[in-house]
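In this note's numbering, the protein residues as written are 52 to 157. Just so you know, even glycine gets a beta-carbon here, dropped at the ideal spot from N, CA and C.
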């Protein structure tokens, strides 16, 4: 189980993930947001709170991103789209495109 909470004490949001498959970590590391979505669709993890778990996680990520961007001078100088991120997302997108292209319809 993973607990996610906001860094700021004023943030009352909390989301708890229950991991069912060891492939979850691999998918998230290799494919970032697409990997998280793929793991969720395949049932590799779920939220303890079914009602607001996903929404709270997304809101925590947004709040932490905003907090980090306010405190970081480096983030002010460059955008969030780095060359390494471009390479990673390009490779992941190409992999998914080829996978879908070679998948046969039933």
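Within the same chain, and ignoring the five residues on either side of residue 107 in sequence, the residues whose Cβ sits closer than 6 Å to its Cβ are 64 and 66.
Rounded to the nearest whole angstrom, the C-alpha separation of residue 98 and residue 69 is 6 Å. Annotated three-state conformation of residue 78 is helix, per DSSP. Scanning its chain for C-beta atoms nearer than 6 Å, with the 5 sequence neighbours on each side dropped, one finds around residue 86 the residues 78 and 79, in chain order.
Partner residues in the beta bridge of residue 96, as assigned by DSSP, are 70.
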